[in-house]
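Encoded as structure tokens, the structure appears first; notes follow it.
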Ligand SMILES: [Zn+2]
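Numbering (the numbering used here), first residue to last: 10 to 282.
Take a look at the structure:
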């Protein structure tokens with residue numbers, strides 16, 4: 010019988026952490042987060058809820074996990090097909106929804122409710138805020154990942170129920186000061202202000218660092234409370250410099266990490282400890 014290297018028992022992986030086959034992850038925005046889906050599959054997950062309204066374009070290929078055969082396909086559907094290609098079989102619990110979280114409102118809310126983790130890799134502030142509202146409301150762990158302009162670096166934020174949420178992070182002084190310094194050097198704060206992929210020309214190698222960190226933090230959150238051998242990251246907000254961020258993180262491949270506490274003006278009324 011053909012073995013399934015990703016989704017069946019794998020002694021090497023099982024020595025690192027317990028099986029994750031009973032866990033569900035919802036992923037919103039399947040650009041760079043397609044790599045996170047693939048990492049989680051390789052870590053033993055098969056239950057996915059994938060949301061993205063956009064089609065893969067040839068211009069995306071420099072940084073997308075899906076290759077040229079998927080150009081023209083919706084990114085959520087393409088990612089599901091890529092996961093099945095890696096797994097070597099159909100994944101009946103991987104569901105692709107070719108819509109935005111706003112157009113698939115009820116489906117997205119149900120997906121958050123049934124998930125153990127929500128990964129938010131969208132490029133608009135409104136969709137990130139909406140995802141934040143739902144993960145707080147349903148008490149779900151979440152990882153937010155975004156790339157800075159020109160692929161010079163990015164940030165990854167981890168949400169644990171009852172703690173600092175993404176809305177808190179947006180209001181936090183450390184982040185405000187960071188963005189003021191970042192914008193002072195003439196760069197935009199992140200890629201959320203433009204949906205034009207040509208406006209953020211990071212390559213796959215730039216993006217891959219961020220998605221790898223986000224995958225690792227996702228595993229941290231999924232494995233909390235169980236016995237495993239992955240040392241915790243120990244911060245809920247990581248800023249990573251890929252190619253050097255002048256006056257902030259000069260050295261390529263360096264990082265800042267912060268444990269940000271809940272903001273007194275948290276926008277989510279239900280974010281109670
Ligand atoms: Zn908050």
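The beta-carbon is built from N, C-alpha and C at its ideal position, and this holds for glycine as well.
Checklist entry - For the beta strand (DSSP E) that contains residue 167, what are its first and last residues? => result On the chain shown, position 158 is the one that residue 167 refers to. 162–168 is the span of the beta strand (DSSP E), which, as asked, contains residue 167.
Item to check | Nearest residue (CA-CA) to residue 213, options 107, 35, 247 and 43 | outcome: Position 204 of the chain shown, counted from the start, is the residue given in the question as residue 213. Ranking the options by Cα distance to residue 213, first place goes to 43.
Checklist entry - How many Å lie between residue 240 and residue 128 at the Cα? => result Taking the first residue of the chain shown as 1, we reach residue 240 at position 231. Taking the first residue of the chain shown as 1, we reach residue 128 at position 119. When rounded, the separation of the alpha-carbon atoms in residue 240 and residue 128 is 20 Å.
Checklist entry - Where do the ends of the beta strand (DSSP E) carrying residue 156 lie? => result Walking along the chain shown from the start, residue 156 turns up at place 147. Residue range 150–156 is occupied by the beta strand (DSSP E) that includes residue 156.
Checklist entry - How close, in whole Å, do the beta carbons of residue 25 and residue 223 come, if the pair is a contact with beta carbons under 8 Å? => result For this step, residue 25 is matched to residue 16 along the chain shown. For this step, residue 223 is matched to residue 214 along the chain shown. Wrong, their Cβ atoms sit about 18 Å apart, outside the cutoff.
Checklist entry - Buried or exposed: which applies to residue 35, given that a residue is buried once 16 or more other Cβ atoms fall within 10 Å of its Cβ? => result Here residue 35 refers to the residue found at position 26 of the chain shown. Around the Cβ of residue 35, a 10 Å sphere holds 16 or more other Cβ atoms; the residue is buried.
Next on the checklist: Taking DSSP's pairing of strands, which residues face residue 245 in a bridge?
Outcome noted: One-based indexing of the chain shown puts residue 245 at position 236. None; residue 245 has no bridge partner.
Item to check | Distance, residue 113 Cα to residue 154 Cα | outcome: One-based indexing of the chain shown puts residue 154 at position 145. One-based indexing of the chain shown puts residue 113 at position 104. Using only the alpha carbons, I get a separation of about 21 Å.
Checklist entry - Across which residues does DSSP place residue 127 in a beta bridge pair? => result Position 118 of the chain shown holds residue 127. Paired residue(s): 35 and 151.
Checklist entry - Quick one: does the C-beta of residue 176 sit closer than 7 Å to a heavy atom of ligand 1? => result Residue numbering aside, residue 176 sits at position 167 when the chain shown is read from its first letter. Correct: residue 176 has its Cβ closer than 7 Å to ligand 1.
Checklist entry - Which one of 183, 48 and 62 has the shortest CA to CA distance from residue 22? => result Reading the chain shown from its first residue, position 13 is the one you call residue 22. Comparing Cα-Cα distances from residue 22 to each of 183, 48 and 62, the minimum goes to 48.
Checklist entry - Applying the criterion that 16 or more other CB atoms from any shown protein chain within 10 Å of the CB defines a buried residue, is residue 103 buried or exposed? => result Locating residue 103 in the chain shown gives position 94, counting from the first residue. Classification for residue 103: buried.
Checklist entry - What are the residues that DSSP puts in a beta bridge with residue 106? => result If you number the chain shown from 1, residue 106 lands on position 97. Note: residue 106 sits in a beta bridge opposite 60.
Checklist entry - Hey, residue 245 and residue 166 are a contact pair by Cβ (cut 8 Å); roughly how many whole angstroms apart? => result Your numbering for residue 245 matches position 236 in the chain shown. Your numbering for residue 166 matches position 157 in the chain shown. Yes, they are in contact, since the Cβ atoms of residue 245 and residue 166 sit about 6 Å apart, within 8 Å.
Checklist entry - Is it true that the CB of residue 37 sits closer than 8 Å to the CB of residue 140? => result Here the question's residue 140 lines up with position 131 in the chain shown. Here the question's residue 37 lines up with position 28 in the chain shown. In this structure, residue 140 places its C-beta atom within 8 Å of the C-beta atom of residue 37.
Item to check | Alpha-carbon to alpha-carbon, residue 247 and residue 198 | outcome: Counting from 1 along the chain shown, the entry for residue 198 is found at position 189. Counting from 1 along the chain shown, the entry for residue 247 is found at position 238. Here the model assigns residue 198 a pLDDT of 41, short of 50, so the residue's position is not dependable, and the following value carries that caveat. In a straight line, the C-alpha of residue 198 is about 15 Å away from that of residue 247.
Next on the checklist: Quick check on residue 83: does DSSP put it in helix, strand or coil?
Outcome noted: In the chain shown, counting from the first residue as 1, residue 83 sits at position 74. The DSSP-derived three-state label of residue 83 is strand.
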